[in-house]
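Enquirer:
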Amino acid sequence: MRGVVGVLALQGDFREHKEALKRLGIEAKEVRKKEHLEGLKALIVPGGESTTIGKLAREYGLEEAVRQRVAEGSLAVFGTCAGAIWLAREILGYPEQPRLGVLDVAVERNAFGRQVESFEEDLFIRGFSEPFHGVFIRAPVFRRLGEGVEVLAELGGLPVLVRQGKVLASSFHPELTEDPRLHRYFLELAGF
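Per our numbering, the sequence shown starts with residue -11, numbered consecutively.
1) Mapping DSSP to helix, strand and coil, what is residue 5?
2) Is there contact here, the region 107 to 117 with the region 52 to 61, by at least three beta-carbon pairs under 8 Å?
3) For residue 38, I'd like the list of residues in its chain whose CB is within less than 6 Å of its CB, leaving aside the five on either flank, ordered along the chain.
4) Between which two residues does the alpha helix (DSSP H) holding residue 73 run?
5) Alpha carbon to alpha carbon, how far is residue 34 from residue 130? Give it in angstroms, no decimals.
6) Whose C-beta lies closer than 8 Å to the C-beta of residue 59 among residues of the same chain, with five residues either side of it excluded?
7) Leaving aside the five residues before and after residue 103 along the sequence, list all residues of the same chain whose C-beta is less than 6 Å from its C-beta, in chain order.
8) Could you check which residue in 132, -8, 163, 68 has the C-alpha nearest to that of residue 28?
9) Leaving out five residues on either side along the sequence, give the residues of the same chain with a beta carbon under 6 Å from the beta carbon of residue 46.
10) Per DSSP, which residues does residue 121 bridge with? Please list them.
11) Does the region 15 to 32 come close enough to the region 134 to 146 that 3 or more CB-CB pairs lie under 8 Å?
12) If you measure between the beta carbons of residue 161 and residue 8, is that distance less than 8 Å?
13) With a 10 Å radius around its C-beta and 16 neighbouring C-beta atoms as the bar for buried, classify residue 11 as buried or exposed.
14) Excluding sequence positions up to five away, which residues of its chain have a Cβ less than 6 Å from the Cβ of residue 16?
15) Residues bridged to residue 79 by DSSP?
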């Protein structure tokens, strides 16, 4: 695999995603301004604080630039935890929160509880032969799925990993494990 993957570096655990990509031999570029998107065909939006990510992305002109690139099909995006919230079309209970709206889902923030209720659980991901260890920290859940959104993993009957075209979103943090499979899956989705 060759190429450069952008990692939104406004806030959150972007360094961990960069490390996960490095272990796969992929160069990661920190994205803070819309100019940083030039030449990229893949972007990872990390976990962190979804309201802050949304506000900063809007302030720095990234919101519209990313939305346009996703709409034209030239950018694959992977959002983890807060990043998944930012990708959603609807954020339940927070209609004014800035969001990208490129994933046709309604997401519920902190659906599995607060920080102190964080947990880890093995997940069965469609297409993976072995379970994937999911790390859930103030994790969201996808409550409503639009047409064309496929569920790749569930926890307790609730979707925690979904895909729509070249948009991938997880409730959990794959970058906090040593397992490269989900990042590799995204790279393949992006055409690496």
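Idealized CB from N, CA, C, for every residue including glycine.
Expert: Working from what's here:
1) Walking along the sequence shown from the start, residue 5 turns up at place 17. Reduced to three states, the DSSP call for residue 5 is helix.
2) no
3) Here the question's residue 38 lines up with position 50 in the sequence shown. Once the five neighbours on either side are set aside, the close Cβ partners of residue 38 are 70, 73, 74.
4) Counting from one through the sequence shown, the residue named residue 73 turns up at place 85. Where residue 73 is concerned, the enclosing alpha helix (DSSP H) stretches over 70 to 75.
5) Counting from 1 along the sequence shown, the entry for residue 130 is found at position 142. Counting from 1 along the sequence shown, the entry for residue 34 is found at position 46. The straight-line gap from Cα to Cα measures roughly 17 Å.
6) Within the sequence shown, numbered from 1, the residue matching residue 59 stands at position 71. Once the five neighbours on either side are set aside, the close Cβ partners of residue 59 are 90.
7) Your numbering for residue 103 matches position 115 in the sequence shown. 126, listed in sequence order.
8) Position 40 of the sequence shown, counting from 1, holds the residue named residue 28. Nearest C-alpha to residue 28: -8.
9) Within the sequence shown, the letter at position 58 stands for residue 46. Excluding positions up to five away in sequence, the list reads 86.
10) In the sequence shown, residue 121 corresponds to position 133, counting from 1. According to DSSP, which records beta bridges pairwise, residue 121 is partnered with 110.
11) no
12) Indexing the sequence shown from 1 puts residue 161 at position 173. Indexing the sequence shown from 1 puts residue 8 at position 20. No, Cβ-Cβ distance for residue 161 and residue 8 is not below 8 Å.
13) Within the sequence shown, the letter at position 23 stands for residue 11. Burial call: exposed.
14) Within the sequence shown, the letter at position 28 stands for residue 16. If we look at residue 16 and ignore the five residues flanking it on each side, its Cβ neighbours are -7, -5, 6, 9.
15) As a first step, residue 79 is located in the sequence shown; it is residue number 91 there, counting from the start. 95.
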